[in-house]
Amino acid sequence: MPNQTPQDIDLSQLDQLKDATPKNLWDLFVKAVNLHADPANVAGGDATKQTKLKAAIEKMIL
Amino acid sequence: MIIREITIENFLTLYGTQNIKFPKQKGASLSVLLGPNNSGKSSFVKALQFLLHSRIPGCDGDEMLAWRLVNNRLKREAVAGKTLQCRVTATFAYGDSELTVRRSIETSRTGDGATAFAPAKVIFSHRQQTSTSSKFVPDETGIIQRKVDQLCPDTLLEAFFFSGEPLNGRLLGGVKNVRESLEEYLSIRDWKQAAESARTISYSYTQEMASFATSSRELEQILNQEAAFQQKVNQLKEEMAKIQERRDESLAALAEKQTAILGIASQTELRESVVERNKIKDEIDTCQKKAQAARVNICEATGSSLGLPLLLPYVEKARRVLKHLTDENILPADLSSGFVDRVLQQQSCICGTKHTEKTKSAWQAYLKKALKADVGTRLASLEARLNPDAPNCIQVSCSEISSDLCGFIDTSEQCNSTDYDLRGRLAALDEKIATSPTEELNKLDKERRELDKQCESYKDKLRSIESDLKANESELKRKKAERGKIAVPKDIQVKIQILEARRTMASDLADLIDKSIAVLRQQFQQGLQQTMQDLYTDVVTDGTQATIDLRSLLPHVVKDGKTETNLGGGQSQLLGLAYIVAIAKLRNALHEQMNKFDIKLGVVGDQSFVLDCPFSGMTERYASAAIEALCRAAEQAVFLLHKEQWDLAKSYLQPKVSAAWGVHLHAPSQAISRGVKLDDHVFDYKGREVSLLSSLPPEANEVYSQLVALS
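If you read the protein sequences in the order shown, they are chains A and B. Note that our numbering gives residue 50 to position 50 of the first sequence, counting from 1, and the numbers run on in steps of one. Count along the second sequence from 1, add 1000, and you get the number used in our numbering.
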């Protein structure tokens, strides 16, 4: 009965953006968006997210 | 997320404990809940809305009045002081995980009256499983609610669990609503928050830098100025993003309005004028873009000329001076360190006075400082550029610059003049359309003009912010260059360099997030277009096609290249269904594919759809197409149907149904004679007649329902 075709979404432009971005900046980007989307960070609020992100930036540079 | 099991206890018309376990199966699972009108099918949808987002109908958002949701029979049976509880518990599956949540209402009877109840207490909890036991724990931190928000955002609740209203009037009605919903749905809101955080952090590094600079007043002053410019730049970038967003929204609303106007105008002789006006508007946009590009070219050509044409009047004079210097051997053509050596070997200096230690050391210093800058080579190159026969002489360069500038200025003037003509024609058409005898058209056109004005004003604001931003960025750059010239102790310099690198990283991060959001939006729009094609165009047979407006993200129907503006109820309902299924399906794909970038948007899995009377206004043809679309794309769909809709869809739906329940209505005889049609309650399900109505004695005041399994 069902005709379930797996849906695809073309993310080639994001791929291109990744290729054009220095690796450390891309890694930081991934960390930043992941920690902002993580429900576990709700309790700490924005301040916690900013502190974690700042620590990640510091770590990337050192 | 898929509903695995739901238990509803004493909620609205549903009395007692009602439990449904949905079948687990590979592929699409279609279930039906059949029931007479007013039997409480909608209570099922409301229960889900209450459970997931604490929607409390009829209480104006006041949780204390939530006792109104407690089943009336239970309330009537309770004696004063008795505690009453109503709750909804459900287990949802997403990916390989499951989440069980419960929202309950607690109240107690305080007297005899119909409204004598204590303020209600609403508690949201989730099941916590340990190795030995399982218990419900209140969600005090809000983490579980946040998880639920991610799985099914509040703004899309009515799309996925909708209760009977035509979809186009609710979900598809507002551009703003759809854009906002999708933003939350695709986690763009979280990304925006990440960009804001990065900008705040970038500014905090600037401030930290300033705190290190107390050793030098000059350095401190420059760093403070840098901090101020940095803050301004951040503010302007944020403001620009916000206005850009508002402009996009207005442009999307404008596109909607124009389609609606075209729809009405198609029935009048104004159609051609409206089409012409839309064409002119597009031409004006193109013209403005061309003029803007010409202006940018003028600025760039002027900037890269480094003011060369301004030197033109002095070229002849400079050539004469250089020639004189060379002829008099004051300035040898090969001015170099060799020249200084020759001067020092002479008894006298070039001014004729005898060399002393002082003159010799002055020449040595000159050798060290001035000649280091390679003055000789530069003067030689200047002399070459002053030569009219040289290929790169100043006159030739100036004439090239001037020719480029004339070209750009011509283009800009041409665009301005075309723009003026087009606006004249536009004003005439506007006037013609504004005086149309059709009242609705006038109203829409007035709204369109307002939106048009709004878009123009956003455009102006953006232009002004952009120029402000450029000015602040260049000041920031200048201050950084100035800072580089200040002598500072080594240790401070190192600390400042580290902070500066961090600041750049944070600010680059914010810009990268902004860019990624734009890319994500664009690729989602393109995917949506493709999916609508699969779910709508491929299942209808009337030659119409679904298309997505890239600005508003709303679907339209097109036939023979023209937008169909007068859709029938069934067609527009099918379009709405295909749209909500498409966005759910694409979101799931997006979340999965983001994993390859290590970006975790959270596992959302397939989406369940609960559709209360979805076939309103549909003919059999559209109903079958809607079932076909859901079968193609939905992992779980639960249809809540009254008799009329079941009869309409039965032949298509019944063979595909994997589970069925009836909502059995218990009503006192006087209520039945008042509001319930007797022939409404007998359903034909898989060849047997099922009655879903029981008559209660007249003294039983309350109408209530209970679920019965049909399969």
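C-beta atoms are modelled at their ideal positions from N, C-alpha and C, and glycine is treated no differently. A quick note: this is a predicted structure, and the numbers were derived from the prediction, not measured.
Helix, strand or coil for residue i per DSSP?
i	result
Thr1531 (chain B)	helix
Cys1455 (chain B)	helix
Asn1038 (chain B)	coil
Gly1061 (chain B)	coil
Pro1313 (chain B)	helix
Thr1286 (chain B)	helix
Ser1507 (chain B)	helix
Ala1333 (chain B)	Low confidence applies here, because Ala1333 (chain B) scores a pLDDT of 43, under 50, leaving its location unreliable; read the following figure in that light. Reduced to three states, the DSSP call for Ala1333 (chain B) is coil.
His1126 (chain B)	strand
Leu1172 (chain B)	Since pLDDT at Leu1172 (chain B) reaches only 48, below the 50 mark, its modelled position is unreliable, and the value read off the structure follows with that caveat. Coil at Leu1172 (chain B), not helix or strand.
Lys18 (chain A)	helix
Ile1580 (chain B)	helix
Thr1107 (chain B)	strand
Trp1121 (chain B)	Looking at the sequence shown, residue 1121 (chain B) is not Trp but Lys. Three-state DSSP puts Lys1121 (chain B) in a strand.
Asp1514 (chain B)	helix
Phe1162 (chain B)	strand
Glu1699 (chain B)	coil
Ala1390 (chain B)	coil
Thr1359 (chain B)	helix
Gln1607 (chain B)	coil
Gln1706 (chain B)	strand
Thr1547 (chain B)	strand
Thr1100 (chain B)	strand
Does the distance from the CB of residue i to the CB of residue j come in under 8 Å?
i	j	result
Arg1102 (chain B)	Lys1082 (chain B)	no
Val1088 (chain B)	Phe1117 (chain B)	no
Phe1597 (chain B)	Lys18 (chain A)	yes
Leu1310 (chain B)	Ile1394 (chain B)	no
Trp1191 (chain B)	Ala1120 (chain B)	no
Asp1139 (chain B)	Phe1161 (chain B)	no
Thr1091 (chain B)	Arg1503 (chain B)	no
Met1505 (chain B)	Leu25 (chain A)	yes
Met1532 (chain B)	Ala1584 (chain B)	no
Asn1010 (chain B)	Val1079 (chain B)	no
Val1604 (chain B)	Thr1013 (chain B)	no
Ala1660 (chain B)	Leu1034 (chain B)	yes
Phe1680 (chain B)	Lys1041 (chain B)	Residue identity differs from the one stated: residue 1680 (chain B) is Asp in this sequence, not Phe. Taking 8 Å as the Cβ cut-off, Asp1680 (chain B) and Lys1041 (chain B) do not qualify as a contacting pair.
Tyr1015 (chain B)	Gln1706 (chain B)	yes
Leu1254 (chain B)	Ala1318 (chain B)	no
Leu1714 (chain B)	Ile1261 (chain B)	In the structure displayed, chain B extends from 1001 to 1711; residue 1714 (chain B) sits before or after that span and is not available.
For the alpha helix (DSSP H) that contains residue i, what are its first and last residues?
i	result
Lys59 (chain A)	Gly45 to Ile61
His36 (chain A)	Lys23 to Ala37
Asp1149 (chain B)	Ile1143 to Leu1151
Lys1242 (chain B)	Arg1217 to Ala1265
Glu1413 (chain B)	Ile1394 to Ala1434
Leu1074 (chain B)	Asn1072 to Glu1077
From the beta carbon of residue i, is the nearest beta carbon of chain A less than 8 Å away?
i	result
Lys1147 (chain B)	yes
Glu1600 (chain B)	One detail in the question is off: residue 1600 (chain B) reads as Lys in this sequence, not Glu. So yes, Lys1600 (chain B) belongs to the interface.
Gln1593 (chain B)	yes
Phe1092 (chain B)	no
Gln1162 (chain B)	Here the sequence assigns Phe to residue 1162 (chain B), which means Gln is not the residue at that position. Not an interface residue.
Phe1597 (chain B)	yes
Does any residue of chain B bring its CB to less than 8 Å from the CB of residue i?
i	result
Thr48 (chain A)	no
Ala40 (chain A)	yes
Ala37 (chain A)	yes
Asp8 (chain A)	yes
Asn3 (chain A)	For Asn3 (chain A), the predicted structure reports a pLDDT of 42, less than 50, and the residue's modelled location is therefore unreliable. A value from the coordinates is still provided. Judged by the 8 Å Cβ criterion, Asn3 (chain A) is in contact with chain B.
Ala78 (chain A)	Residue 78 (chain A) is absent from the structure shown; chain A starts at 1 and stops at 62.
Lys18 (chain A)	yes
Lys54 (chain A)	yes
Where do the N-terminal and C-terminal ends of the beta strand (DSSP E) with residue i fall, by residue?
i	result
Leu1014 (chain B)	Leu1014 to Lys1021
Ala1090 (chain B)	Thr1083 to Tyr1094
Lys1650 (chain B)	Per DSSP, Lys1650 (chain B) belongs to no beta strand (DSSP E); it is in the alpha helix (DSSP H), Lys1643 to Leu1653.
Asp1684 (chain B)	Val1682 to Tyr1685
Using only the heavy atoms of the ligand COA, determine whether one of them is closer than 7 Å to the beta carbon of residue i.
i	result
Leu1157 (chain B)	In terms of ligand content, the structure shown is empty, and the ligand COA therefore cannot be addressed.
Note down, in chain order, all residues in the region 1487-1521 of chain B with a beta-carbon under 8 Å from any beta-carbon belonging to chain A. Answer set for the region 1487-1521 of chain B: Ile1498, Ala1501, Arg1502, Met1505, Ala1506, Asp1508, Leu1509, Leu1512, Ile1513, Lys1515, Ser1516, Val1519 and Leu1520.
Residues, ordered as in the chain, of the region 1186-1211 of chain B that lie near chain A by beta-carbon distance below 7 Å: Cβ proximity to chain A below 7 Å picks out Ser1187, Asp1190, Trp1191, Gln1193, Ala1194, Ser1197, Ala1198, Thr1200 and Ile1201 from the region 1186-1211 of chain B.
Below 8 Å between beta carbons is the criterion; list the residues of the region 1521-1551 of chain B that meet it against any residue of chain A, in chain order. Interface annotation for the region 1521-1551 of chain B against chain A: Gln1522, Gln1523, Phe1524, Gln1526, Gly1527, Thr1531 and Asp1534, criterion Cβ-Cβ distance under 8 Å.
Scan the region 1135-1160 of chain B for residues whose Cβ lies nearer than 7 Å to a Cβ of chain A and list them as they occur along the chain. The region 1135-1160 of chain B vs chain A, Cβ under 7 Å: Thr1141, Gly1142, Ile1143, Arg1146, Lys1147 and Gln1150.
Report the residues of the region 1571-1590 of chain B with a CB closer than 8 Å to any CB of chain A, ordered along the chain. Only those residues of the region 1571-1590 of chain B whose C-beta falls short of 8 Å from the nearest C-beta of chain A are listed: Lys1585, Leu1586, Asn1588, Ala1589 and Leu1590.
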